[in-house]
Amino acid sequence: MIDNASDRYRQGMATRRAVLGDSHVDRAQSATTEFDQPFQELITEAAWGHVWSRPALTKRERSIVTIALLAALGQDEEVAMHVRATANTGATREDICEALLHVAIYAGVPAANHAIKIAKQVFGEMDAAKREGE
């Protein structure tokens with residue numbers, strides 16, 4: 001954590017951990033360098049401390065919106081990360097399927113098709129990890 005962290009940073013870090021999980025955030029923080037520390041602070045405060053922490057939408061609803069937007073933008077790694085995060089947000093596979101149907105209509109079939117492929121792969125990995133943990 002940064003020295004003299006703001007309340008927004010602290011809230012952002014708590015929300016980021018709740019959505020993405022401690023292990024993901026710990027990996028991101030351990031990989032942070034002097035070069036990208038300002039960016040990490042920005043996303044923690046702005047994305048997680050301001051937007052994701054607002055009360056008007058649930059984490060489930062934000063998760064659905066985020067996955068749809070990332071799919072429409074072709075942000076494959078971020079789509080995968082946020083699909084993994086559904087384990088923490090409460091967004092269901094049905095929710096994600098419905099969101100990606102919207103992507104197909106409003107952002108294009110190729111974008112949705114690719115995001116569906118990513119989601120299927122991530123869900124498969126999550127299922128395999130769950131079976132191994134049983």
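full-length UniProt numbering numbers the first residue of the sequence shown as 1 and each following residue consecutively. All C-beta atoms, glycine included, are put in the ideal place defined by N, C-alpha and C.
Coil, strand or helix - residue i by DSSP
| i | result |
| --- | --- |
| F35 | coil |
| R54 | coil |
| G133 | helix |
| G90 | coil |
| G108 | coil |
Where the alpha helix (DSSP H) through residue i begins and ends
| i | result |
| --- | --- |
| T66 | K59 to L73 |
| T15 | D7 to L20 |
Distance, residue j Cα to residue i Cα
| i | j | result |
| --- | --- | --- |
| T89 | A129 | 18 Å |
| D7 | I67 | 27 Å |
| I43 | D36 | 11 Å |
| Q40 | T32 | 8 Å |
| S63 | H82 | 7 Å |
| H102 | G108 | 9 Å |
Supposed close pair residue i, residue j - CB separation, criterion 8 Å
| i | j | result |
| --- | --- | --- |
| A87 | A115 | Actually they do not touch by this definition, with Cβ atoms about 18 Å apart. |
| Q11 | S53 | 5 Å |
| V79 | I118 | 5 Å |
| A111 | G74 | 6 Å |
| A91 | R131 | Going by Cβ atoms, the distance from A91 to R131 rounds to 21 Å, so no, they are not a contact pair. |
CB contact below 8 Å: residue i versus chain C
| i | result |
| --- | --- |
| L73 | Protein chain content of the structure displayed is limited to a single chain, and chain C is not contained in it. |
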